[in-house]
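A.B. asks: Protein chains in written order, with this note's numbering: chain Y, 1 to 329; chain P, 330 to 666; chain A, 667 to 1169. Have a look at this one.
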Amino acid sequence: MNTTNLKPKVRFEMQTLLLAGILVFLLLFFGLNDQGFLAGRSISSMAIQLPEIGILSLAMMITVMIGGINLSINATANLAAVLSGLFILRFMPESQGPMVIVAMVGISLLIGVITGAINGFLVGYVGVPSILATLATMSIFTGIGVGLTKGQTVTGFPEVVGSVASLSPLGIPMPFLVFVGITVIAYILLGRTTFGFKTRMLGTNPVASKFSGINNKAVIMQIFIFSGVLSSIAGVLIMSRTMSASNAYGTATYVMLTILIGVLAGVVSGKGSVLNIFITVFILQVISTGSHMLLAGVRGSSFFKDFAWGVLLIIIFIINYFTHGRRKE
Amino acid sequence: MLKKIVKSSEFVTFTIIVLLSLIIGIINPAFFSLATVFDVLRASIVVSIMAFGLLLVIIAGGIDISFVAFAALASYGTHMFLLSRGYNGGIFLYYAIACVIGLGAGLLSGLIVTRFNLPIFDVSLAMMTMWYGFIRFFIGSTKNFKLPEGAVGYYSRFLVTVRDPFVGEAGLHFSILYVLIIGVLIHCLLKYTTLGRGIYAMGGNREVAIRSGFNIKGTLLVVFGILGVLSAFAGVTHSFLSRHFEPTLFMTQNLDVIAAVILGGASVTGGKGSVLGTFMGVILIQLINRAMVLTGITVEWQQLMIGLVLAFFISIPAIRDLINKRASRAVEVPEEI
Amino acid sequence: MTNEILRVENVSKAFAGVKALDQVSLTVQEGEILCLVGENGSGKSTMIKIISGVYHPDQGDIIINGHSYKQLTPIESMREGVQVIYQDFSLFPNLSVAENLVINEQLSSGRRLVNWKETYKTAERGLEEIHVSIPLDAMVSELSTADRQLIAVTKAILAEARIIIMDEPTTALTQKEIQSLFEVINNLKAKGISTIFVSHKLNEVTEIADRTVIFRNGRKVMDQDAKNLDIKTMEFYMTGHELDLDNSQLAQPDQQAAPLLEVEKLGLRGKFKDVSFQLRPGEVLGITGLLGSGRTELALALFGETPADSGTIRVEGREVTIRSIQDAMRNRIGYVPEDRILEGLFLQQTISDNIIVRIIDQMVNKIHLIRAGASKKVSDEWIGRLEVKTPSGELPAKSLSGGNQQRLVLAKWLASDPRILILNSPTVGVDVGSKASIHELIRNLASQGMGILLISDDIPELMQTCNRLILMRRGRTFGVFDREDITEEQLNQEMVADRVFSI
C-alpha cells in the first residue's frame, strides 16, 4: 500500500503562523509608537508577569483537550499560595533559608495534586460535567482559603519568598525560565508520550476511547491532577512576585484570560498546541504592556486593555470563520 | 400524570427546598416567619429576572456569561447619561433607556453568534470582557450614589408590610410583581408560542430543528434580545434597590445565576428547563445562604458551604445515572420462554 | 390506481468533477413500493436528496404530481408530498410524541401560537391511521428505536405525504419489528401512498418490494418488477460481478483442541441468565436473537464493559474474572462494536493513530516516549493487510468510506493480536462488495486459530460465516445449532416465532 506522507498537519501550522504574524505585527506597532517599548526593562517586566498567565493557560488547555474545562485553576493557585503562606508564617516566620522555599513549593504542589484529584474524581469517576464540577470546586477552594484567612490577604513573608520571582539566572528572570521549562515538559508529555496520545484520543471520542482499551477515568484523573499542579506552580510564582497570598487575586478575569488564550491558540477537544499557547501568551502580554505604555497617563488604561481583549477575540473568531470555511455549528 | 411530576427535576428541587426549610426552621424557629419569606423573595427578585432571560439561552443549548455585563452597561450607562443631562424625574425613563441599551447589547451578541456560527459561550466570554472594559474606560469607573429625585423612594415601596416579632416590620417590595409578570410572560412564550417550542427544539436536536424548518437564527436573535432586556431591567432594579449605580455590577455573580438555572432543573446541554424550576433554583440558593447564617456558620466559611452544596447538587444527576444503570438490572430475567 | 406520481428525467449531478448521477431516469407509481438498491457511492443517496430538494440536479427534471421542477427546494418537495425519513427519524428527544408528530405542520402553517388541544387531537388521529398505540405525552427519548420509527412514519402521514422515502429503515430493528414495519408500509400502499425503500438488505427487498431499482456507479442498471429478481441477480447487478458466496468453504475448527473460551451459567441480572457455551480455536460462533435477547449484553459482559454477576468464564482453561475492559484485554479478548462511528473510530485523528490506539502502550522506548517510526511501520502493515483503501495513513479516518472504516476498526483490534474476537454487527451499513471481503477476512482469521464470536442480525451473514449458531431470546439461550443442521428459513422463523422450535 502506498503511504506517502501527505502532511495534513498543514492546517495546524497555519494557526501557528497566523499567531506568530500577529505577534510580530504587534511588536512593530507598539515598538514604533513608543521607543521605550522594546527596551530591556519593559521586556523584562513583561517577562515576569507573563509566566503566571502562561502556566495557567497550559493548565486550562489540557482540560479543554479532553473535552472539558477547568474553571478552578485560579482558585487552586490562590489556595496553594494561601496554605503554603500560612504554613510558613506559622512554622518558620523568621527563617531565611532554603527550607522556606521548599515549604512554599512543596506544599503548593501537594495542594495542586489534591485539588486536581478532587476535580478528577468528580469529572472522571462520578461523571459530573467538568464545567459544573470545576465551577463548584472553584467555590470550594476559594471558600477554604477565605475561611482560613477570614478574607484577608496573607502578608509578612520572609524575604526569601520573593527570591523565586526576583532571581535572574543568566539575566533571565526565574519565572520566565520556569515557564519555558514547563512548556517544554508539557510539549513532550502531550506530543510524545502515551499519556498525551490517550489524552488526544479521549478528547476526540470518549466512547471509542473506552472501547479501545483506554482507561478514560484514569486519563481524566491524570489530566486534572496535572492541571492542578500547573495551577499551583502559577500560585507559587504569584506569591513570590507579590509577596502575598490572596483569595481575591485574579479571580474570574484570570480564568477568562486563559480561556481566551486557549481559543486564540486553537485549542479544541482532541487537539492542542503548546507552541500556539506560548505565542498567544506573548501576544496578550505585548498588547497589555504596549497599550499600557501607549495610554500611560490616560486614566483607566487597564480597562481599555480589557476592552481590547474582547474585541480582539471576536475579530479572531471572525477571521477563523472565513479562513476555515463556513463552520457548521 | 402524577408520575411525571414526581420524576421531574423541578420536583426534586422543590423537595429539597421543603426539606431545607424544615431543617432550618427546626434549628432556628425565627426562620418560620413572614419576614423571612419576604426577605428571601426580595433577595430573589433581581437574580430571578436575569435567570429567566438566561433560561432561554440554556434551553436553546448554549451558556452565556456576559449577561451581567449587559446589566452593568445598561444601568450604569443610562444613569451616567441621564445624570449628565440633569435628569430628576422618575424611574420610567431609566427603565426605558436601559432596556433599549440592553436590547442592543444582546442583539449585538446574537448577531455575531448567528452570522458567524460561533459558540455562544465563547462569544459571551469576549463580550463580557469587552463590555466591562468599555464601561470603565469610556463611561466611568466609580460608583455613583446620586439618584434622581423621582427614584429616591423606590427602594422602600412595599406591596405589603407585616409586623414581625423579631424584626419589627417587614415588607414585601413591590418589584416582586416584576418577577411575577416577567415569569408568566416567559413561561407563556416557552409553552404557547411556536418560537418558544423552537427554543426547546433547538436545544433538543439542532440538526433536526433546522431540517424541520425552524428559523434558528431568528430564534437566537430573539433569545439574545430578551436576555439583554431582562438583564438591563434587573440591573436598573437592583441599582434603585441598593441606591447606587456601579460600573462593575454583578461582575462576579454570573455563576450564581447559572447555578440557579441549573439547580432549577434545566439541562446544561439544552432542551430542558422551566420558569417555575428556575425560580425555585433561585429560592434554593437564597435558602442555602440563609441556612448558613441562621445555623451560625460564620461569614468567612459561607463560600465554602455554597461550594459544597453546589458540588453535591451537580453530582445528583450523575449519581442518579450510576444508580439507574444498576436499577435496570433489578428486574429478573423471566423463567419461561 | 396506476397513476404516475413521481418522474425523474435524465438527472445528472456531479460533485467536484465526480459524477454521482449520470443521466438517471426513474418513475414511481401511486401506491407503489419501490426499493432502491445499490452500494455505497452508487448514487442512491444523491438521488434521494435530489427528490427531496436538498440537492439541485445539474441537468434533468423532476416531475411530481404533474408539476415540473428544475430546481426543487425542500419546501416545495414537502408541499408536493415527499417526506423523507432519515436515520435519526428527525425527532426531538426532549419533546413529547404528540408535539413531534405535529411540529412540521405547525411550522408550515406559519402559526405563531400553539394550541395544545388541537395538537393532541391531531396526534391521536395520526397514530390511529396506522393502528399504532404509543402514549402521546411520552418523551421521545424514552421510546425504543422501533417506536420512534413508527412515529416518524406517522409524522409523514400527518404531513399528507404521497411519497415516503425511508433510508435504511431496518438497521436497528429486530426481525419482529421489521415485520411490523412491513405491515405499516403495506397499509400505506392500501391508502395510495407510495414508498421508496432504500436498503442494503436484499432479503428484505425481495420480501417487500413491488419494483426494484438498482444503481451502480451513478447509473441505473436495473428497473424491474421485484417478482422477477432474486438475490443473486441483484448482487450481480449491484457489484457488476458474481460474488462467490459458496457456503461450503467454511474451515472446520479443530475438534480436539482445548476450547479458547468456556462460559458456564453466565448471568447478569435483568439481562441474561444461564448462558453456557464453548468456543474453540478456529471456530466462528454466531450469536443471534431479537433485540432485548441479551446478546449485546452478553458480548459486553465478556468484554468487561458491563460485567456479569454470576457464572464462570474460562479462557484457555483458566478461570478468569472480567470486571473491566482492561481485564478482558489482558485475556486477549477484543471487541469490535456495533456503531463504528460512535464507538469504534476517532474520525478526526489519522488512520495510523486509529490503528495503534489499542497497542499504544507497547509502542514506547526506554524513556517512555512514543517511537514514531515503529508506529508508522505497524500501521502501514495493517493498512496493507486489511486492504484499507487510502493514499496515506496520515489522512483523517473520516476520509474513508464505510467499508474501509469498518476495516480500520478491525485493524485496530487485530493489531493487538487477540485470541478471542467478538464482532458486533460488523457489516451494518457496508456495501455488498466490502461485506463479502469482510466475511472472507473473518473466515481467514478463524482459520489462523482465532476464536470468533459473531453477533449479528443478518441471517445470510450468519449462514455464510459461522460454524455454529446460538440463538438467544429474552436473556436465555434456547438453541445451539451446527450450521449444517439449520436452514435460512428455519432461522428466520426462529427469530420471529413466539414458541420454541425444536430440531
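Think of the CB as a built atom: it goes at the ideal place given N, C-alpha and C, for glycine as much as any other residue. Just so you know, these numbers come straight off a predicted model, no measurement behind them.
1. Anything in chain P within Cβ reach of D754 of chain A, meaning under 9 Å, just list it in chain order.
2. For the stretch 923-957 of chain A, list every residue whose C-beta sits within 8 Å of some C-beta in chain Y, in sequence order.
3. Between D585 of chain P and chain Y, is there a C-beta pair that is closer than 7 Å?
4. Closer than 7 Å between beta carbons: that is the criterion. Which residues of the stretch 1075-1102 of chain A meet it against chain Y?
5. With V100 of chain Y and V160 of chain Y assumed to form a contact (beta carbons below 8 Å), what rounded beta-carbon distance in angstroms separates them?
6. Between the beta-carbon of R465 of chain P and the beta-carbon of P576 of chain P, is there less than 7 Å?
7. Are the C-beta atoms of K601 of chain P and some chain A residue less than 7 Å apart?
8. If you count every other CB in all the chains shown that lies within 10 Å of the CB of N997 of chain A, and 16 or more means buried, which is it?
9. Less than 7 Å between CB atoms is the rule here; does G564 of chain P satisfy it with respect to chain Y?
10. Sort out for me which residues DSSP pairs K271 of chain Y with in a bridge.
11. Determine the DSSP secondary structure at Y752 of chain A, reduced to helix, strand or coil.
12. So F755 of chain A and Q815 of chain A are in contact, right, with Cβ under 8 Å, and what is the actual spacing, rounded?
13. Taking C-beta pairs closer than 8 Å, name the residues in chain A that N205 of chain Y reaches, listed in chain order.
14. Using a 10 Å radius around the Cβ and a threshold of 16 neighbouring Cβ atoms, would you call A290 of chain Y buried or exposed?
15. Hey, which unbroken runs of the alpha helix (DSSP H) at 4 residues or more fall wholly within the stretch 723-790 of chain A?
16. What are the start and end residues of each continuous alpha helix (DSSP H) run of 4 or more residues lying completely inside the stretch 1074-1119 of chain A, in chain order?
17. Counting beta carbon pairs with one atom in the stretch 599-607 of chain P and one in the stretch 511-527 of chain P, are three or more of them shorter than 8 Å?
18. Is H567 of chain P buried or exposed, if buried means 16 or more other CB atoms sit within 10 Å of its CB?
19. Could you check what DSSP says for L926 of chain A in three-state terms: helix, strand or coil?
20. So if DSSP puts T1016 of chain A in a beta bridge, which residue, or which two residues, is it bridged to?
21. Counting C-beta neighbours from all protein chains within 10 Å, is the total for M995 of chain A 16 or more, i.e. buried, or is it exposed?
22. Which runs of the beta strand (DSSP E) fall wholly inside the stretch 849-915 of chain A and span at least 3 residues, in chain order?
23. Just checking: is the beta-carbon of M60 of chain Y within a distance shorter than 7 Å of some beta-carbon in chain P?
24. May I ask which residues mark the beginning and end of the beta strand (DSSP E) holding Y1001 of chain A?
25. For a quick check, are the C-beta atoms of I225 of chain Y and G120 of chain Y less than 7 Å apart?
26. Comparing C-alpha positions only, which one of A:I729, A:G719, A:E698, A:P925 sits nearest to N676 of chain A?
27. DSSP three-state label for C1132 of chain A, please.
28. DSSP state of I800 of chain A, grouped into three classes?
29. Consult DSSP for G406 of chain P and reduce its assignment to one of helix, strand or coil.
30. Does H797 of chain A pass the burial test, meaning 16 or more other C-beta atoms within 10 Å, or should it be called exposed?
31. With a threshold of 7 Å between beta carbons, is E664 of chain P in contact with chain A?
32. What would DSSP say about S678 of chain A, mapped onto helix, strand or coil?
33. Run through chain A and tell me which residues come within less than 8 Å of K217 of chain Y, C-beta to C-beta.
34. According to DSSP, M832 of chain A sits in a beta bridge with which residue or residues?
35. Look up S168 of chain Y in the DSSP assignment and say whether it is helix, strand or coil.
36. Throw me the rounded Cβ distance for the I388 of chain P and G532 of chain P pair, which I believe falls under 8 Å.
C.D. replies: The answer reads as follows:
1. N534, E536, V537
2. none
3. no
4. K1078
5. 5 Å
6. yes
7. yes
8. buried
9. no
10. Y:V268
11. coil
12. 6 Å
13. L1008, L1011, F1012, L1013
14. The residue you asked about is not Ala; residue 290 of chain Y is Gly in the sequence shown. G290 of chain Y comes out buried.
15. 740-745, 763-774
16. 1098-1113
17. yes
18. buried
19. coil
20. A:P1062
21. buried
22. 860-864, 877-882, 885-891
23. no
24. 999-1002
25. yes
26. A:I729
27. coil
28. coil
29. helix
30. exposed
31. The predicted position of E664 of chain P is uncertain, since its pLDDT is 47 and thus under 50; a value taken from the coordinates is nonetheless stated next. E664 of chain P does not count as touching chain A.
32. strand
33. Residues of chain A passing the Cβ test: none, with the nearest at roughly 10 Å.
34. A:I751, A:F863
35. coil
36. 5 Å
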